[in-house]
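A.B. asks:
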Amino acid sequence: AVRARKAALSAASLPLALLGAAAAVSAVWPVATWLRPQWTGFALGSPYTAGPLHLAAALLTATALWVWAVVMRRRVSALEAGAAVTAWLTLCTLLSAVWLPGASYLFLWPALTGAAGLAAAARIAPGSPWRGALATAPIVPCAALLVPVGALLFDTVPIAFAAAPALLLALALATALPAVPAKTRRRSLVTGTGLGTAAALAALGAALLAGAPTASRPAQVSLLYALDADTGRARWASSGAGDSAWLDHYVGGATASLESTFPSLDQPSRWHTGPAPAATVAVPEVKVVSTTRTGDVRRITLSVRATDARAAEIGLYADAGGAAVVRAEVAGQSVPGGTNRPFASDGWRWGLLLAAPPTGPGTRVELTLRGTQPLTLRAVTRTPGLPGGTLSVPRPADVTWSADNSGLTLVSRRYVL
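Residue numbering for the sequence shown is 1133 to 1549, as defined by this note's numbering.
Here is the structure:
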C-alpha cells in the first residue's frame, strides 16, 4: 500500500517545511521591533500584550505547512504521507527517549497512533474515504499533547525565540497532511497562502496598535551610570535596548567600548554613551594585607570593601596579560583560577563576584598567583539605582528599566599587584 520511494520523498521534505515555518516565525520579532522600536527593551521577554504576536507566529506556521502539504499531496498518496510523518514522530520518540526522556511521551503516543492508523488503512480498499482518515490518526494525540505544550512554550520563551514552540506546532500540523486533497488547485494554494499571510499580518498590526507605551505598560530602556574612579570620568551608558526621547537626552549618537574599564559590560561591543555629572557613589577599595612568595608563586591576601553599604556586589577581574591566577580563597571557599570568562574579548579572562560586600573591615580574598609579572586587577561595584540628583530630566511614567543592565550604578578602579 505504500511506495517506499514516495514515502521517503515526503519524509525528506518535512524538515524543509519545518525550517520554512521556523524562518517565517523568526521574522516576527525583527519586523515588530523595527516598526515598534520601544519593544527592543523586551529582548529577554515578551511585550505586555504578546497574544497577537503568538497568533501571528501560529498563522505563519500553519501557512508554511499548508504550502508544503499541497505540494506534497500532488506527488504522494495519503498513506505515503502518513507513513512519512509517522516515521518522523518515531524518530523524535527515539531521540527524546535518549536525550530528554521526560518528554518522549509527547511523540510516543502520536507515533503509536500513526502506526496503528497506517496498519488499519492499508487493509481498506484504496477508494475508501476511511483510508485517508485513518492515515491522519496521529492528529488526535498531537492535538492533545504537542499543541498544548507548544502553546505553553509560546508564553515561556521570548518572542525572539518563538521558532522553538512553532516547530512543535508545525510537527503537529504535519499530521494533517493525508487529509489534504490530492489534487488541490493552484488557485486554492495561492488563496490559502494569501489568507494565512494576511491574517498573520493583521495579528501583527493589532499587536503594534496596542503596543504604544503607557504608564501601565511603559517602554523598557537601558541606562547605567558608569564612573571610572581612576580618571573621575562619569558617563551615561545604554546597551541600546528600548527607544525613548527621554533616553536620547542622556545618550546620543556617540558609542564606545566599555569592557576595558567595566569588564561585565562585554555585550554589546559598543555602548551608547553621554557625559554624566559627578556624584557620591559606592567606590570599591582593595587593600593588600599580606604577601608571601615561594619561587614564582605568590600568595596575596586582600581586603575588599565598598565605601557605601548600598553596593550589592563587587566584581574582581584579573587581566590575562599578567601573572596567572591559580586559585582564590574567599570565606572558606576555594575558587579555581585559570579562565572562567572565556568570552571576554578585552583580557579580563578571570573574575570573582562578591555579593553583599561589607563596608567595614572588608572581605578577605586570598589570591594565589604564578609568574613574575605584576597582576592588573579591576574592581567594580554594582549598586542598584542611579545616583540621586544626576537625572536632569526625571524619568517619565511611560518609561521603565529593561531587564538587563539598567537602572544601575557601576564604579570601576584599577589595581596593580
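For every residue, glycine included, the Cβ atom is placed at its ideal position computed from N, Cα and C. From a predicted model like this one, the values you see are computed outputs, not experimental measurements.
Between V1497 and L1434, which are expected to be in contact by the criterion C-beta below 8 angstroms, what is the C-beta distance as a whole number of angstroms?
C.D. replies: 5 angstroms
A.B. asks: Might you give, ordered along the chain, the residues of its own chain that have their beta carbon closer than 6 angstroms to the beta carbon of G1453, omitting 5 neighbours on each side?
C.D. replies: G1479
A.B. asks: As a quick exercise: from T1268, V1289 and W1198, pick the residue whose alpha carbon is nearest that of T1307.
C.D. replies: T1268
A.B. asks: Taking the Cβ atom as the reference point for each residue, do L1285 and A1535 lie within a distance shorter than 7 angstroms?
C.D. replies: no
A.B. asks: Where does the unbroken alpha helix (DSSP H) through V1203 begin, and where does it stop?
C.D. replies: G1183 to R1205
A.B. asks: Buried or exposed: where does P1519 fall if 16 or more other Cβ atoms within 10 Å of its Cβ makes it buried?
C.D. replies: buried
A.B. asks: Could you please give me the residues that DSSP links to A1456 through a beta bridge?
C.D. replies: According to DSSP, which records beta bridges pairwise, A1456 is partnered with R1502.
A.B. asks: So, helix, strand or coil for I1256, using DSSP?
C.D. replies: coil
A.B. asks: Comparing C-alpha positions only, which one of R1205, T1541 and V1458 sits nearest to K1315?
C.D. replies: The option with the nearest alpha carbon to K1315 is R1205.
A.B. asks: Can you tell me the Cα-Cα spacing of I1271 and G1259, whole angstroms?
C.D. replies: 22 angstroms
A.B. asks: Considering only their Cβ atoms, is the gap separating P1489 from A1443 smaller than 7 angstroms?
C.D. replies: yes
A.B. asks: Quick check on DSSP: helix, strand or coil for K1138?
C.D. replies: helix
A.B. asks: Who are the Cβ neighbours of L1485 in its own chain at under 7 angstroms, not counting the five residues just before and after it?
C.D. replies: Around L1485: E1445 and G1447.
A.B. asks: May I ask you to verify whether the stretch 1220–1234 touches the stretch 1331–1342, counting CB pairs closer than 8 angstroms and requiring at least 3?
C.D. replies: no
A.B. asks: In terms of DSSP beta bridges, what is E1461 paired with?
C.D. replies: S1466 and E1498
A.B. asks: Taking the alpha carbon of D1451 as the reference point, which residue from T1393, P1345 and R1437 has its own alpha carbon closest?
C.D. replies: T1393
A.B. asks: Just how far apart, CA to CA, sit T1325 and L1191?
C.D. replies: Cα to Cα, T1325 sits roughly 10 angstroms from L1191.
A.B. asks: So, with DSSP's three-state summary, where would you put R1263?
C.D. replies: helix
A.B. asks: Under 6 angstroms Cβ to Cβ from R1431, same chain only, skipping five residues before and after it: list those, please.
C.D. replies: T1424 and T1500
A.B. asks: If you compare alpha carbons, which of L1141, G1427 and L1151 is closest to A1302?
C.D. replies: L1151
A.B. asks: May I ask you to report which of helix, strand or coil DSSP gives P1310?
C.D. replies: helix
A.B. asks: Taking 8 angstroms as the limit between beta carbons, can you name the residues of its chain near S1466, skipping five residues before and five after?
C.D. replies: R1459 and A1460
A.B. asks: Please go through the same chain and pick out, in chain order, the residues whose beta-carbon is closer than 6 angstroms to the beta-carbon of A1275, but skip the five residues on each side of it.
C.D. replies: none
A.B. asks: Looking only at C-alpha atoms, which of L1223, P1290 and A1298 sits nearest to A1149?
C.D. replies: A1298
A.B. asks: Spell out the partners DSSP gives Q1352 in its beta bridges.
C.D. replies: T1532
A.B. asks: Nearest to A1438 by alpha carbon, out of L1542, A1476 and R1502?
C.D. replies: L1542
A.B. asks: For D1428 and R1365, which I take to be in contact (beta-carbon distance under 8 angstroms), what is that distance rounded to the nearest angstrom?
C.D. replies: Their Cβ separation, rounded to whole angstroms, is 36 angstroms, which puts D1428 and R1365 out of contact at 8 angstroms.
A.B. asks: Looking only at DSSP bridge pairs, what is Y1547 linked to?
C.D. replies: Answer by DSSP bridge pairing, in chain order: L1509.
A.B. asks: Using the Cβ count rule (16 or more neighbours within 10 Å means buried), how would you classify A1373?
C.D. replies: The residue in question, A1373, is buried, as its Cβ has 16 or more Cβ neighbours within 10 Å.
A.B. asks: Along the chain, where does the beta strand (DSSP E) containing V1429 start, and where does it finish?
C.D. replies: V1429 to A1438
A.B. asks: Identify which residue in H1381, L1549, L1244 and G1328 has its Cα closest to the Cα of P1273.
C.D. replies: Of all alpha-carbon atoms in H1381, L1549, L1244 and G1328, the one lying nearest the alpha-carbon of P1273 is that of L1244.
A.B. asks: Looking at the structure shown, is D1451 part of a helix, part of a strand, or coil, going by DSSP?
C.D. replies: strand
A.B. asks: Within 10 angstroms of the Cβ of S1401, are there 16 or more other Cβ atoms? Answer buried if so, exposed if not.
C.D. replies: exposed
A.B. asks: Taking the beta strand (DSSP E) that A1369 falls in, what are its first and last residues?
C.D. replies: Its beta strand (DSSP E) spans residues R1365 to S1370.
A.B. asks: Does the beta-carbon distance from A1369 to L1356 come in below 7 angstroms?
C.D. replies: yes
A.B. asks: Report the residue from G1282, F1293 and G1517 whose alpha carbon sits nearest the alpha carbon of A1155.
C.D. replies: F1293
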